[in-house]
Ligand code: XMP
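Residue numbers (full-length UniProt numbering): 1 to 538.
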């Protein structure tokens, strides 16, 4: 790769990844690394001449609580540096200014006055005061603040509560902002970050997915040579895009294995086969393992036990197929590589800044360790990309928009959407109810945005409740099952609000499900947010 790059040092803020996404949206390549890398590491990172600037992220901590500092090399390389929140405070402290601790947090919306006509903020404003001062509507979240500028710096922005809300040393091209330009609540945040990476750092905006295909194809060919690759296709976005990309690169050298555990959505398995085997002419082995999964799940009601069984069987079935394929055929070296749809957030989180603490609430479907067990080398062609970039790449590769922009679907599938014991009868009812819900979300347009409701919610699905309730249909009494509809809006899936879907839409969905899916006579809507509820019911 030959792109200019921006280094983002992560001090442990929840929103560091947003900085990277905003930089990538400006079509500039960037990487996130933990703040505790050494100065030698930073110098080596810059040695190829591609490093054009550095951004220091915020932190959840105070400069007095933790001793995280930017490596000295950051300020010695001669490249522009932007410090955000904690990043600005550590910059101030390391360069000779002063930071004052405080127990009072300034949190939320603020109006910041831009000062000094610095290159970073010049001509960027949301409105002007009667005196003609440019004002920015921003998001603040800090306790400590800079109270004394380091030598060489001038004041760049201020609020009443925070007199030094921005600082600049334009000779060295060092900038600090106390507010968060990476969050969407800061209206001009995107413009400010673009100004920094494009104008101040002078990075070339050449990170474009359409063009990345060729680069990625070349990289895969160089890595794999004439060897063969195995990929587990799940129908999810990441594995689908990885498959399409690898297929573009090496065609027949790729074999996909698609394990159907019988807990997929309506017609999902056929759609995956139709796309990859039918349209792309990729080699896809479909393993129908639904009987095995249902047999092993019989009588199991505990959610964690169900997840473990599904995860284990999935790996077993996949491994068995892989072993069969690995056994070299005459004239072939056999499979040497296992491809996985790992994406950049997975890479950042596993490399993780020391300040990050992951809390496991549900054991997620984990296929880690598989390449070692199978004795295969690992191919991860999406490991530099964020989810939005994976989607863009998928569309550029010719995958259907609906497949690429589908809501996330958990590895255990309907197994965690059928409460308690999983039975085929339940899965069949749920599949049909779910399909009706999704169909209506896709076909109902929200008038203000002009977009279908499907695109306005982050995830929507039906849940099967194995309880029976009494109903009446025609002249007869019914005694049938219940489904709950769930639709949430979220930006990160860590917290989520239940979606305020229009009553008319809910009414149509409910009446269609009850009329069309015999066996279900009651539909409810889940009005719980996360936390305290989770998105899935199990
Ligand atoms: P929860 O239910 O934890 O879900 O609020 C957050 C997001 O994660 C998805 N999810 C899973 N994905 N394997 C997956 O691949 C799993 O076991 C799993 N459990 C939850 C869920 O659909 C939501 O998007």
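Where is the CB? At the ideal position from N, CA and C, for every residue including glycine.
query                                                                                                                                : result
As assigned by DSSP and simplified to three states, the class of residue 359                                                         : The pLDDT assigned to residue 359 is 37, lower than 50, so where the model puts this residue is not dependable; a value taken from the coordinates is nonetheless given after this. DSSP places residue 359 in coil when its eight states are reduced to three.
Contact under 8 angstroms by Cβ, residue 264 with residue 422                                                                        : no
Any chain C beta carbon closer than 8 angstroms to residue 269                                                                       : Note that chain C does not occur in the displayed structure, where there is just one protein chain.
Three-way DSSP call (helix, strand, coil) for residue 86 in this model                                                               : helix
Per-residue burial, residue 210 [other beta carbons within 10 Å of its own, 16 or more giving buried]                                : exposed
Proximity below 8 angstroms, CB of residue 144 to CB of residue 94                                                                   : no
Under the three-state DSSP convention, the category residue 151 falls into                                                           : coil
Proximity test, residue 477 beta-carbon vs the ligand XMP heavy atom, cut-off 7 angstroms                                            : no
Through-space distance from residue 35 to residue 353, alpha-carbon basis                                                            : Any reading at residue 353 needs caution, since the residue's pLDDT is 46, under 50, leaving its predicted position unreliable; the model's value is listed next. Spanning the two alpha carbons is a distance of roughly 7 angstroms.
Contained alpha helix (DSSP H) runs [length at least 4] in the region 222-307, N- to C-terminal order                                : 237-250, 268-273 and 290-297
Residue 258: CB within 7 angstroms of a non-hydrogen atom of the ligand XMP                                                          : no
Residue 8, buried or exposed, once every other Cβ within 10 Å from all chains shown has been counted against 16                      : buried
Buried/exposed call for residue 332, threshold 16 Cβ in 10 Å                                                                         : exposed
Rounded separation between residue 413 and residue 236 - CA only                                                                     : 11 angstroms
Boundaries (first-last residue) of the alpha helix (DSSP H) holding residue 460                                                      : Careful: residue 460 lies outside any alpha helix (DSSP H), inside the beta strand (DSSP E) at 459-473.
Alpha-carbon spacing of residue 419 relative to residue 463, whole angstroms                                                         : 8 angstroms
heavy atom of the ligand XMP below 7 angstroms from residue 314 C-beta                                                               : no
Pick from 380, 74 and 112 that is closest to residue 44, judged by C-alpha positions                                                 : 74
Rounded Cβ spacing between residue 285 and residue 191 (contact assumed at less than 8 angstroms)                                    : No, residue 285 and residue 191 are not in contact; Cβ-Cβ is about 49 angstroms, not under 8 angstroms.
Own chain residues within Cβ distance below 7 angstroms of residue 225, not counting five before or after                            : none
Stretch-stretch touch, CB-based, cutoff 8 angstroms, three pairs: the region 62-79 with the region 176-196                           : no
Which residues DSSP lists as bridging residue 110, in chain order                                                                    : 138
Cα-Cα separation, residue 340 to residue 268                                                                                         : 20 angstroms
Nearest-angstrom Cα separation, counted from residue 509 out to residue 68                                                           : 52 angstroms
Heavy atom of the ligand XMP within 7 angstroms of residue 422 beta-carbon                                                           : no
For residue 350 and residue 270, the rounded distance between their alpha carbons                                                    : 34 angstroms
Three or more C-beta pairs below 8 angstroms linking the region 291-305 and the region 214-229                                       : no
Sequence-distant residues of the same chain with beta carbon closer than 6 angstroms to residue 503, five excluded per side          : none
Neighbourhood of residue 174 by C-beta distance below 6 angstroms, restricted to the same chain and skipping five residues each side : 81
Alpha helix (DSSP H) segment containing residue 544, residue limits                                                                  : There is simply no residue 544 to check, as the chain begins at 1 and stops at 538 in what is shown.
Distance cut-off 7 angstroms: residue 536 Cβ against heavy atoms of the ligand XMP                                                   : yes
The region 116-123 in contact with the region 153-160 per 3-pair CB rule at 8 angstroms                                              : yes
Under the three-state DSSP convention, the category residue 19 falls into                                                            : helix
Residue 364 (DSSP reduced to helix, strand or coil)                                                                                  : Below a pLDDT of 50, predicted positions are generally treated as unreliable, and residue 364, at 41, falls in that range; the measurement from the model is reported next regardless. Coil at residue 364, not helix or strand.
Option nearest residue 198 by Cα separation, candidates 476, 513, 99 and 25                                                          : 25
Integer Cβ distance of residue 403 from residue 239, believed to fall under 8 angstroms                                              : With a Cβ gap of about 11 angstroms, residue 403 and residue 239 do not count as contacting.
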